[in-house]
Structures are given as structure tokens and as C-alpha cells.
Ligand SMILES: *Cc1c(COP(=O)(O)O)cnc(C)c1O
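In the working numbering, the protein residues as written are 21 to 386.
As C-alpha cells, then:
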């Protein structure tokens, strides 16, 4: 029999979360952000679950070309744009919208023969304080003018990305400045990631770019996905492969970091950090065993983790274990491990088989 560790992805949850995003930004186009293999959920599930999206946004060129083959019509936005000069012709060939965030990327367009890259759709990126990608306010206008003179550039739109959209009110000035720098009825603009979609209605502009919320996790440290009306789209599950009784004072796992406070039962789950479960999840991190709340007891190892079965009298070999999903939010596990849900979702490793279901996770007790 194959190893019981697997990842279940719900297209019904993806579909629901996309609707939530759309409700927050009526009238705006929605780029479904599907970078990093759709935040670990897989491109297949994303293409099906986000069938109502207006376009796709990612930064991996091989995946974008794959999506283009399966979806000839909808726009595809390359969030980091061209990585080399020859990408310019590829963008034209596959009709990929490209972000331009650097002068060098404009040079590449200028150096490409117009016959090789006609019809380019460009999104000029403005730095609004992240200081990562994008033209500074003082250089933005010149970049716009230069792009407008380039023959292959058929369409020029504008984009920015906030550093602090998850902090209430922190980007108010950036929104106003971006709006002022890209005026006119003909400017097509995009600024909002999930946090902005959910909390900054004036940042919706023409196209929103939700990522994490579409997968049913929260972009905020202090607001749960459930409180935002989102449904988890991924369950990471496994089973118990061993159950043992240990004496008071006995230790569990590498480094003996868990010491049994009393005689107790310990369960061994076939899931470890090589599957993408965070090694830093400490004692007390919640898991669900056989439908009952349990928690990590002992250090997470490569292929296994150990749990406290004191409150799960029914637990036995083969009992179902949810590491995260519809009962244990991925954000809760991430909080215990000192990280964010994004990182855990993206880190599911290739050895974990993925199953896609059409129902919501709660109803998918497959
Ligand atoms: C990843 C990304 C997004 C989506 O961000 P979320 O916080 O996941 O919603 C939007 N825009 C850009 C440029 C990104 O890189």
C-alpha cells in the first residue's frame, strides 16, 4: 500500500474564494495569482477552480506557456516580467502581458526587432515604498514616456504592489500617490493583493491581484480566514502508523524535547518536514486525530511527527490525521511555527500526492 500522506485540494473552495474576492471589488477584473504552482495547490486545480477569473498572474515562464496552451484567450500577466532579452519575443509570441520594473527591461524591448515582438502589452510598475521592484516616483514618468515611443508597445498599463496592505491605513498615501501618478480615463491600473482587496476598497482600480485569499488563507496576522468568509482549499492529511504507551518522564523524538508529564499514549503520524510540514512547529501545535483535537508532542522529524493521544481514546493505527485543512487552519499551524500560511502552502513537497475534489473540504471525507 502507498504511504497515506496526501494533499486534498477543493476546487469548490477555490471557486467560492474567487467569488469573495470579486464581491470586494465590483467591476474590477480579477487576475487569479497562480505563481508557485498555485500556492502549492497545482495548476490543474487552479485552472478549474478559477474558471471564472479574468486572467492569470504568475512569474514562471514555462508555466505561463503551459497555461497559454490550455487557455488561448485570457490574459496572462508575468509579475516579474522578462528575465532576459529573448523573453520579449516570447511574450509577444504567447501573448503574455509583461511587467516592466527596470530600465534594463525597457532596453530589451528597444533592442528587439519590432517584427519579432509586435503587440506587446506592458504593465509599468511603480515603486510605492516596498523598494523591491518598480520605478521610483522620480523615474516613473520618464519610463512611461520612453515606453510610449517604442513601436511594439501596443498597450501600456500601470501597476504597483504595497509593502503594508495588511496594516490598516498604512498604505493610504501610496494609493493616492499611485492614483495621481496614473491619471486619465485611459489609464488601466492594478494595485491590490489579497490584503488590499479585503481592506482597501479604493485600491481596487481596474484589476485586482488576489493570491492567498483565493486559497482560503488569511493575509492578515490577526484576522482568520473564516472571519473573512474564506474556505480552506487544501487539506494535508495522513494517518497514524504507530501508537505507543510511554511512562511518566519518558521523552519523545530527537533531542528529547517532549517529556511525558504522566503515563500517556503517543501517536506517530506519517508526515514530516520532507513533506512540507514545518520542522519548527513546537509542542502544542494543533492537529486533528480521528476527528478529535490533539497536538504535537516531540520534535517534527523528516518523515514523521508525534502527537499526544491523551484526548483521543479511539486513536489506533490507521486513524485519520488532519495536519491542516477545514478543522485546523493552515494559518494556525503557521502561527505556532513562527511563519505564515503562504509558506506552508507553497512548501508541500513533490512526494505528497495531490487529489482534487469538486466538493468543499468538509464534505470531502474521501
Ligand atoms: C504574489 C503577488 C500577489 C498576490 O499576493 P497575495 O498576498 O497572495 O494576495 C499580487 N501581486 C504581486 C505582484 C505578487 O507578487
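The beta carbon of each residue, even a glycine, is placed where N, CA and C say it ideally should be. Bear in mind that the values here come from a model prediction, so they are computed numbers and not experimental data.
Pairing CB atoms from the region 235–248 with CB atoms from the region 30–43, are three or more of them under 8 Å?
-> Touching, per the Cβ criterion.
Can a CB atom of chain B be found closer than 8 Å to the CB of residue 162?
-> In the structure shown, chain B cannot be found, because there is only a single protein chain.
Under three-state DSSP, which class holds residue 318?
-> coil
Quick one, which of 248, 296, 195 and 375 has its alpha-carbon nearest residue 65's?
-> 375
Taking residue 364 as part of the alpha helix (DSSP H), name the residues at either end of that continuous run.
-> 361–366
Identify whether residue 169 lies in helix, strand or coil by the three-state DSSP scheme.
-> helix
Where does residue 191 sit, in a helix, a strand or coil, going by DSSP?
-> If DSSP states are grouped into helix, strand and coil, residue 191 belongs with coil.
What residue from 298, 93, 193 and 174 has the CA that sits closest to residue 362's CA?
-> 298
For residue 274, count neighbouring C-beta atoms within 10 Å of its own C-beta (all shown protein chains included) and say buried if the count is 16 or more, exposed if not.
-> The residue is exposed, with fewer than 16 neighbouring Cβ atoms inside 10 Å.
So, is residue 202 buried or exposed, given that buried needs 16 or more other C-beta atoms within 10 angstroms?
-> buried
Ligand 1 heavy atom lying under 7 Å from the CB of residue 231 | Yes - ligand 1 has a heavy atom lying nearer than 7 Å to the Cβ of residue 231.
Say yes only if the C-beta of residue 44 is nearer than 7 Å to one or more non-hydrogen atoms of ligand 1, and no if none qualify.
-> no
Indicate, with yes or no, if ligand 1 has a heavy atom lying under 7 Å from the CB of residue 215.
-> Residue side-chain check: residue 215 places its Cβ nearer than 7 Å to a non-hydrogen atom of ligand 1.
Sheet register partners of residue 306 (DSSP bridge) = 315
Segment contact flag, the region 113–126 with the region 144–164, C-beta cutoff 8 Å, min 3 pairs = yes
Determine the contact status of residue 381 and residue 33, defining contact as a CB-CB distance below 8 Å.
-> yes
Check the DSSP bridge columns for residue 145 and list the partner residues they point to.
-> Secondary-structure assignment with DSSP links residue 145 through a beta bridge to 179.
Could you give the DSSP three-state label for residue 240: helix, strand or coil?
-> coil
Span separating the alpha-carbon of residue 253 from that of residue 62 = 11 Å
If we call anything under 8 Å between Cβ atoms a contact, is residue 256 one with residue 345?
-> Against a cut-off of 8 Å, the Cβ pair of residue 345 and residue 256 comes out as a contact.
From 267, 265, 222 and 218, residue whose alpha carbon lies closest to that of residue 244 = 218
Residue 181 CB to nearest heavy atom of ligand 1 below 7 Å = yes
Please determine, among 83, 41 and 31, the residue with the shortest C-alpha to C-alpha distance to residue 54.
-> 83
Where does residue 46 land, buried or exposed, given buried means 16+ other C-beta within 10 angstroms?
-> exposed
Regarding residue 10 and ligand 1, is the C-beta to nearest heavy atom distance less than 7 Å?
-> Past the boundaries of the shown model lies residue 10; the chain is included only from 21 to 386, so the question cannot be answered.
Assign residue 103 to one of two classes, buried (16 or more other C-beta atoms within 10 Å of its C-beta) or exposed (fewer than that).
-> exposed
Would you mind reading off the limits of the beta strand (DSSP E) that contains residue 264?
-> 254–266
Cβ separation of residue 126 and residue 97, assumed to be a contact under 8 Å, to the nearest whole Å = Wrong, their Cβ atoms sit about 18 Å apart, outside the cutoff.
Excluding five sequence neighbours on each side, which residues of the same chain lie with their C-beta closer than 8 Å to the C-beta of residue 246?
-> 349
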